[in-house]
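In our numbering, the protein residues as written are 25 to 380.
Cβ coordinates follow ideal geometry from the N, Cα and C atoms, glycine included.
Take a look at the structure below.
Take a look at the structure:
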């Protein structure tokens, strides 16, 4: 039976999200021939960690679902053993990259990738603790259904299972490497107030994330759409597209990758920086690997901590570091967009090209 990993990294109180994601895991196991490993990577403080342990302990047993809840000490023990067995030249350095002291969206997802590999999973499906599912007719709208329908399958075989195909026929023999949707609700980055107070400053600020040399019309569209996700419209029915998925159309709270991608290239483990965890989204798009874009968007919301002065300041620092890092990441993205350069003869990502 195929194993898949549904992961929830968190550093905040989210017992309700734990229960909701567990329901999504159960849905996947019930409707597909898979064993779903629900992986909760918990960097929360003691009180929130205890509440999460209670929530996990109270989950009803579900056939085909295996739950793993690791606090930071348990994650560190796993990593230390794995790094030691790998024989890398600088084990302490690798351990720090995998589990840094600061917040790192890339590093926490890399830990999920590594543990998924250890569990023998074929794909990783990520959710976030500051999001929740939409509902239709009283039932949650679960992205895992579209993810498990397509991830890891030949694009030609998926073409008849989606609403429409926009994929170049020349790519039909390649494997679907990514399935994703976006979010609805509050903006993913706290720039709404800047936009309200001074739209020109907002445009200049957000424009720093757009690669140099883009035509003005493209730049304008990217700035207008930045951090808005899919807007605020409620889900009314499925729409799925087989395509090479544009990075601006998906969010990391609503994403699945095949192991042929994350098993070869890790995410940049930048600390206190947003956006670094989107590296593989850009790589998949630039390498022209097939994906499926769906509209089972997840609801994004801002937590009370994020609305506090300290939380707001921390997030603005992460945004600033993202804008500073953007030109460097864009140079790598451009390399990945150079035809089939990042792919080997079997259509798989070559880590050596990405790292060069």
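Is the distance from the Cβ of residue 247 to the Cβ of residue 231 below 8 Å? Reading the chain shown from its first residue, position 223 is the one you call residue 247. Reading the chain shown from its first residue, position 207 is the one you call residue 231. When the beta-carbon positions are compared, residue 247 and residue 231 come within less than 8 Å of each other.
Beta-carbon proximity list for residue 153, same chain, < 7 Å, skipping 5 on both sides: The count along the chain shown starts at 1 and reaches residue 153 at position 129. Beyond the five residues adjoining it in sequence on each side, residue 153 comes within less than 7 Å, by CB distance, of 32, 34, 36, 38 and 41 in the same chain, given in chain order.
Between 87, 97 and 50, which has its C-alpha nearest residue 68's C-alpha? Position 44 of the chain shown, counted from the first residue, corresponds to residue 68. Looking at 87, 97 and 50, the one whose alpha-carbon comes closest to that of residue 68 is 97.
Starting from the N-terminal side, write out each stretch of the alpha helix (DSSP H) that is 4 residues or longer and does not extend beyond the stretch 330-368. The stretch 330-368 contains these whole alpha helix (DSSP H) runs: 333-360.
Between the Cα of residue 351 and the Cα atoms of 271, 234 and 126, which residue gives the shortest distance? Looking up residue 351 in the chain shown gives position 327. Comparing Cα-Cα distances from residue 351 to each of 271, 234 and 126, the minimum goes to 234.
Limits of the beta strand (DSSP E) - the one that residue 237 falls within: For the purposes of this step, residue 237 is taken as the residue at position 213 of the chain shown. Per DSSP, residue 237 belongs to no beta strand (DSSP E) and is neither H nor E.
Is there contact here, the stretch 199-218 with the stretch 339-346, by at least three beta-carbon pairs under 8 Å? Result yes; three or more Cβ-Cβ pairs closer than 8 Å.
Quick one: what does DSSP say residue 26 is sitting in, helix, strand or coil? Numbered from its first residue, the chain shown carries residue 26 at position 2. The DSSP-derived three-state label of residue 26 is strand.
How big is the Cα-Cα spacing for residue 208 and residue 255? As a position in the chain shown, residue 208 is number 184, starting the count at 1. As a position in the chain shown, residue 255 is number 231, starting the count at 1. Taking the straight line from one Cα to the other gives about 5 Å.
Under the three-state DSSP convention, the category residue 122 falls into: Within the chain shown, the letter at position 98 stands for residue 122. In the structure shown, residue 122 sits in a helix (DSSP, three-state: H, G or I).
Residue 286 classed as buried or exposed, judged by whether at least 16 other C-beta atoms fall within 10 angstroms: Counting from one through the chain shown, the residue named residue 286 turns up at place 262. Buried, by the Cβ-count rule.
Measuring only the C-alpha atoms, how far is residue 218 from residue 185? Within the chain shown, numbered from 1, the residue matching residue 218 stands at position 194. Within the chain shown, numbered from 1, the residue matching residue 185 stands at position 161. If you take the alpha carbons of residue 218 and residue 185, they lie about 42 Å apart.
Can the beta-carbon of residue 265 be found closer than 8 Å to that of residue 316? For the purposes of this step, residue 265 is identified with residue 241 of the chain shown, where counting begins at 1. For the purposes of this step, residue 316 is identified with residue 292 of the chain shown, where counting begins at 1. Contact: yes.
Residue 29: beta carbon under 7 Å from a heavy atom of the ligand ATP? Because no ligand of any kind appears in the structure shown, any question about the ligand ATP cannot be addressed here.
Please return the same chain residues whose Cβ sits closer than 8 Å to the Cβ of residue 191, not counting the five positions on each side in sequence. Working through the chain shown from its first residue, we reach residue 191 at position 167. Setting aside the 5 residues that flank it on each side, residue 191 is surrounded in the same chain by 179, 183, 266, 267, 268 and 314, each with a C-beta closer than 8 Å to its C-beta; the list follows chain order.
Under the three-state reduction of DSSP, which class applies to residue 288: helix, strand or coil? Along the chain shown, one-based indexing puts residue 288 at 264. Residue state, collapsed to three classes: coil.
Under 8 Å, with one C-beta from each stretch per pair, do the stretch 154-161 and the stretch 301-313 reach the 3-pair mark? Between the stretch 154-161 and the stretch 301-313, the count of Cβ pairs shorter than 8 Å is below three; the stretches do not touch.
Rounded straight-line distance, which links the Cα of residue 127 to that of residue 296: Within the chain shown, the letter at position 272 stands for residue 296. Within the chain shown, the letter at position 103 stands for residue 127. Whole-angstrom Cα-Cα distance: 5 Å.
Per DSSP, which residues does residue 31 bridge with? Please list them. Indexing the chain shown from 1 puts residue 31 at position 7. 63 and 150.
State yes or no: is the C-beta of residue 177 within less than 8 Å of the C-beta of residue 371? Walking along the chain shown from the start, residue 177 turns up at place 153. Walking along the chain shown from the start, residue 371 turns up at place 347. Judged by their CB atoms, residue 177 and residue 371 are not nearer to each other than the 8 Å cut-off.
Please report the distance separating the alpha-carbon of residue 160 from that of residue 354. Indexing the chain shown from 1 puts residue 160 at position 136. Indexing the chain shown from 1 puts residue 354 at position 330. Distance between the alpha carbons of residue 160 and residue 354: 38 Å.
Nearest CA to the CA of residue 51: which residue from 226, 311, 253 and 171? Stepping through the chain shown from its first residue, residue 51 is reached at position 27. Checking every option, the nearest Cα to that of residue 51 belongs to 171.
How would you call residue 129, buried or exposed, if buried means at least 16 neighbouring beta carbons within 10 angstroms? For the purposes of this step, residue 129 is taken as residue 105 along the chain shown, with counting starting at 1. Classification for residue 129: buried.
In three-state DSSP terms, what is residue 82? In the chain shown, the residue the question calls residue 82 occupies position 58. Look at residue 82 here: in three-state DSSP terms it is coil, with no helix or strand label.
Coil, strand or helix - residue 207 by DSSP: To locate residue 207, count along the chain shown from 1; it is residue 183. The DSSP-derived three-state label of residue 207 is strand.
From residue 90 to residue 365, what does the alpha carbon distance come to, in whole angstroms? On the chain shown, residue 90 is found 66 positions in, with the first residue counted as 1. On the chain shown, residue 365 is found 341 positions in, with the first residue counted as 1. Roughly 38 Å separates the two Cα atoms.
Could you say which of 291, 147 and 310 lies nearest to residue 357 if we only look at CA atoms? Position 333 of the chain shown, counting from 1, holds the residue named residue 357. Nearest to residue 357 by alpha-carbon distance, out of 291, 147 and 310, is 310.
What is the DSSP secondary structure of residue 326, reduced to helix, strand or coil? Stepping through the chain shown from its first residue, residue 326 is reached at position 302. Residue state, collapsed to three classes: coil.
Identify which residue in 48, 141, 46 and 86 has its Cα closest to the Cα of residue 281. By one-based count along the chain shown, residue 281 stands at place 257. Here the closest residue by C-alpha is 141.
Which one of 293, 164, 323 and 86 has the shortest CA to CA distance from residue 346? Here residue 346 is taken as the residue at index 322 of the chain shown, counted from 1. Answer by Cα proximity: 293.
Give the C-beta separation of residue 29 and residue 143 to the nearest angstrom, bearing in mind that I take them to be a contact with Cβ-Cβ under 8 Å. Indexing the chain shown from 1 puts residue 29 at position 5. Indexing the chain shown from 1 puts residue 143 at position 119. About 6 Å; that satisfies the 8 Å criterion.
DSSP puts residue 279 in a beta bridge; with which residues? On the chain shown, residue 279 is found 255 positions in, with the first residue counted as 1. Paired residue(s): 150 and 204.
With DSSP as the reference, label residue 404 as helix, strand or coil. Past the boundaries of the shown model lies residue 404; the chain is included only from 25 to 380, so the question cannot be answered.
Using the Cβ count rule (16 or more neighbours within 10 Å means buried), how would you classify residue 59? The count along the chain shown starts at 1 and reaches residue 59 at position 35. Residue 59 is buried by the Cβ-count criterion.
Classification of residue 55 by the beta-carbon crowding that lies within 10 angstroms, buried from 16 upward: Translated into the one-based positions of the chain shown, residue 55 becomes position 31. Here residue 55 is exposed, its C-beta having fewer than 16 other C-beta atoms within 10 Å.
In chain order, what residues of the same chain lie with their CB nearer than 6 Å to the CB of residue 441, ignoring the 5 residues before and after it? Shown here, the chain extends from 25 to 380; a query on residue 441 therefore has no answer.
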